[in-house]
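Worksheet: one structure, shown below.
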Amino acid sequence: MRKIRDVLRLHAGKLSRRRIAVSLDLGRTAVGDTIKRASRAGLSWPLPMGLSDEDLERRLFPPAVSNSRDRRPAPDWPVLHLELKRSGVTLALLWEEYRAVHPEGYGYSRFCDLYRAWKGKLNPTMRQAHVAGEKLFVDYAGTTAEVIDPLTGEIRQAQVFVAALGASSMSYAEATWTQSLPDWIGAHTRAFAYFGGVPAQVVPDNLKSGVVRACLYDPEINRTYADMAAHYGTAIVPARPRKPRDKAKVEVAVQVVERWILARLRNRRFFSLAELNQAIAELLEDLNSRVTRHLGASRRQLFEQIDRPALKPLPAVAFEYAEWKQRRAGLDYHVEVAKHYYSVPHALAKQKLWARITDRSVEVFHKGKRVALHMRASGNRRHTTTPEHMPSSHRRHAGWTHERITNQAGATGPNTAALVGVILKSRPHPEQGFRSCIGILRLAKTHGAPRLEAACERALEIGATSYSSLNSILKNNLDRRKPRQATDGPAIDHPNIRGSRYFH
Numbered sequence: 382m383r384k385i386r387d388v389l390r391l392h393a394g395k396l397s398r399r400r401i402a403v404s405l406d407l408g409r410t411a412v413g414d415t416i417k418r419a420s421r422a423g424l425s426w427p428l429p430m431g432l433s434d435e436d437l438e439r440r441l442f443p444p445a446v447s448n449s450r451d452r453r454p455a456p457d458w459p460v461l462h463l464e465l466k467r468s469g470v471t472l473a474l475l476w477e478e479y480r481a482v483h484p485e486g487y488g489y490s491r492f493c494d495l496y497r498a499w500k501g502k503l504n505p506t507m508r509q510a511h512v513a514g515e516k517l518f519v520d521y522a523g524t525t526a527e528v529i530d531p532l533t534g535e536i537r538q539a540q541v542f543v544a545a546l547g548a549s550s551m552s553y554a555e556a557t558w559t560q561s562l563p564d565w566i567g568a569h570t571r572a573f574a575y576f577g578g579v580p581a582q583v584v585p586d587n588l589k590s591g592v593v594r595a596c597l598y599d600p601e602i603n604r605t606y607a608d609m610a611a612h613y614g615t616a617i618v619p620a621r622p623r624k625p626r627d628k629a630k631v632e633v634a635v636q637v638v639e640r641w642i643l644a645r646l647r648n649r650r651f652f653s654l655a656e657l658n659q660a661i662a663e664l665l666e667d668l669n670s671r672v673t674r675h676l677g678a679s680r681r682q683l684f685e686q687i688d689r690p691a692l693k694p695l696p697a698v699a700f701e702y703a704e705w706k707q708r709r710a711g712l713d714y715h716v717e718v719a720k721h722y723y724s725v726p727h728a729l730a731k732q733k734l735w736a737r738i739t740d741r742s743v744e745v746f747h748k749g750k751r752v753a754l755h756m757r758a759s760g761n762r763r764h765t766t767t768p769e770h771m772p773s774s775h776r777r778h779a780g781w782t783h784e785r786i787t788n789q790a791g792a793t794g795p796n797t798a799a800l801v802g803v804i805l806k807s808r809p810h811p812e813q814g815f816r817s818c819i820g821i822l823r824l825a826k827t828h829g830a831p832r833l834e835a836a837c838e839r840a841l842e843i844g845a846t847s848y849s850s851l852n853s854i855l856k857n858n859l860d861r862r863k864p865r866q867a868t869d870g871p872a873i874d875h876p877n878i879r880g881s882r883y884f885h
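Taking the working numbering, the leading residue of the sequence shown gets 382, the next gets one more, and so forth.
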């Protein structure tokens with residue numbers, strides 16, 4: 382009743398029906414209907430003093446005039462209202478079925494008028510006719526739940542995910558630590574499992590985890606969220622910005638969860654997320670089994686009758702969470718993911734690519750086509766390289782590892798091992814020094830291990846740490862010459878030699 386009074390007050394203030402609808406979170410049709418009913422009842426703002434809510438409702442929604450001579454059977458409006466949620470069912474069809482049972486019943490026009498009068502008494506959210514199995518509305522509750530860390534005593538706030546099916550209002554709720562993408566996706570997959578099927582559409586309220594850019598006409602969906610939808614065969618249709626009726630169903634579901642579940646848990650202490658979710662699950666069953674006053678059936682009963690038969694079956698395998706990252710392949714035809722480098726075909730060096738990352742694998746895509754697949758590896762700036770990705774000139778080095786190079790260098794001698802270690806440490810990524818080290822080790826085949834060891838000693842003394850420098854030392858036999866050492870003989874005394882005092 383408060384909103385009826387607010388509608389009349391704002392209408393008297395010359396606000397348009399659209400602005401009244403936005404201000405009061407109502408549909409424009411509901412605003413217009415309220416204004417028309419008030420006009421027919423001879424009511425305007427300010428309302429008469431002492432007019433109670435009950436009197437206001439009776440004047441705006443007067444009961445149908447009883448005609449003792451009219452003994453036509455009344456339709457079962459709650460049942461018909463539920464039937465309208467089924468795909469393809471119309472008022473005309475229901476009227477035909479009604480007249481088939483009651484040939485003396487109401488005509489079609491009167492039948493429709495009576496239904497609209499009955500429907501007008503429902504709250505705005507219930508009044509929307511949702512098709513069975515069509516929409517699942519999802520959002521996070523504004524109220525959080527406390528969880529106590531049993532080790533530190535720290536109190537953490539858990540977020541509460543809520544989902545509600547449009548036709549039956551069957552609800553699902555669970556607590557997650559965050560509203561981040563992994564928790565958002567995980568909550569969806571568990572909601573689908575709870576319902577035992579998948580709706581045709583999922584309607585989120587433009588949460589950043591799922592909707593990259595909200596737009597009335599062309600919202601941008603997060604790529605992982607879109608992948609999840611494709612896996613389950615559903616569509617993501619975000620609620621339109623500034624369209625309150627689009628999200629009315631989930632807002633009511635959130636309100637119900639906050640009142641019937643979270644409020645009842647407010648004085649209980651939980652020491653883990655699992656413990657909290659167990660308590661939520663128990664109260665959720667009570668909520669879904671409770672008979673609703675308006676329709677005379679529970680959410681679960683309506684779900685079994687209406688939504689469940691219309692849901693799509695679950696896929697054989699649950700969705701595996703994966704993140705998408707845009708990456709540019711380096712000159713070494715590798716892309717970086719979590720401080721590890723994965724190869725792609727060498728022709729894609731410097732190209733922009735997309736990496737799909739799961740706990741177990743890394744897939745790389747170019748223009749929608751998968752070009753590389755690797756098992757997930759740990760970071761530490763290491764490289765994972767597929768030989769087929771390498772140019773032919775690089776393949777001869779395939780099979781060499783950091784351990785193999787250092788072991789072979791150590792077998793040649795300590796100076797060779799030291800030089801190889803310097804080269805590997807000098808590169809941003811050790812693998813970038815592999816080719817230089819392999820070339821140095823192969824000089825032993827041409828010049829012998831003793832000469833290579835001596836050349837490495839000379840190279841370390843003069844700071845020459847490249848393959849070309851070491852090759853030059855060996856070609857010029859510099860490894861066989863002793864380095865010149867400074868002598869500690871007496872200072873030269875000569876009249877042309879200036880002493881240190883000359884410069885002061």
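Backbone N, C-alpha and C fix where the C-beta goes; we use that ideal spot for every residue, glycine too.
Small disclaimer: the values here were computed from a predicted structure and weren't measured.
Residue 547 sits close to residue 518, with the two beta carbons spaced by under 9 Å. The count of Cβ pairs closer than 8 Å, one atom from the region 654-664 and one from the region 544-559, reaches three, so the stretches are in contact. Counted as a single uninterrupted DSSP element, the stretch harbouring residue 532 is not any beta strand (DSSP E), since DSSP gives it neither H nor E.
Rounded to the nearest whole angstrom, the CA to CA distance from residue 641 to residue 716 is 50 Å. Its chain contains 562, 566, 702, 703, 704 and 705 as the residues whose beta carbon lies nearer than 8 Å to that of residue 605, once the 5 sequence neighbours on both sides are disregarded; these appear in chain order. Straight-line measurement puts the Cα of residue 695 at about 37 Å from the Cα of residue 410. In this structure, the CA atom of residue 551 is about 34 Å from the CA atom of residue 389. Ranking 757, 804, 745 and 729 by CA distance to the CA of residue 772 puts 729 first. Around the beta carbon of residue 652, fewer than 16 other beta carbons lie within 10 angstroms, which makes this residue exposed. Here residue 578 is buried: its Cβ has 16 or more other Cβ atoms, across all protein chains shown, within 10 Å. If the five residues before and after residue 396 are omitted, its C-beta is found closer than 8 Å to the C-beta atoms of 404, all from its own chain and listed in chain order.
About 7 Å separates the beta carbons of residue 763 and residue 722, which is inside the 8 Å limit, making them a contact pair.
Taken through DSSP and simplified to helix, strand or coil, residue 520 comes out as strand. Listed as beta-bridge partners of residue 750 by DSSP are 747. Residue 687 counts as buried, since no fewer than 16 other beta carbons sit within 10 angstroms of its beta carbon.
Residue environment for residue 523: exposed (fewer than 16 other C-beta atoms within 10 angstroms of its C-beta). Between the beta-carbon of residue 836 and that of residue 822 there is about 12 Å, and that puts the pair past the 8 Å contact cut. In the assembly as shown, residue 750 is an exposed residue. Its beta-carbon has fewer than 16 other beta-carbons within 10 Å.
With fewer than 16 other CB atoms across the displayed protein chains lying within 10 angstroms of its CB, residue 788 is exposed.
Residue nearest to residue 690 within the set 426, 467 and 461 is 467 (criterion: CA-CA distance). In terms of CA proximity to residue 683, 511 leads the group 585, 732 and 511.
Residue 686 is not bridged by DSSP to any residue. Where residue 483 is concerned, there is no enclosing alpha helix (DSSP H), because DSSP gives it neither an H nor an E.
Look at residue 442 here: in three-state DSSP terms it is coil, with no helix or strand label.
Counting only the Cα atoms, residue 633 lies some 29 Å from residue 428. Using a Cβ distance threshold of 9 Å, residue 650 and residue 529 count as a contacting pair. Partner residues in the beta bridge of residue 756, as assigned by DSSP, are 742.
Non-local beta-carbon contacts of residue 387 in its own chain, meaning distances under 7 Å to residues more than five positions away in sequence, involve 405 in chain order. In the DSSP assignment, residue 708 falls within the unbroken beta strand (DSSP E) covering 704-709. Rounded to the nearest whole angstrom, the C-alpha separation of residue 416 and residue 392 is 8 Å. Excluding its 5 nearest sequence neighbours in each direction, residue 401 has C-beta neighbours in its own chain below 7 Å: 388, 391, 392 and 412, listed in chain order.
DSSP places residue 575 within a helical segment (H, G or I) once states are collapsed to three. Residue 861 and residue 795 have their C-alpha atoms spaced approximately 18 Å apart. The beta-carbon separation of residue 631 and residue 545, rounded to 6 Å, stays under the 8 Å limit for a contact. Annotation: residue 739 to residue 644 spans about 37 Å, alpha carbon to alpha carbon.
Pairing residue 711 with residue 851, the inter-Cα distance amounts to about 29 Å.
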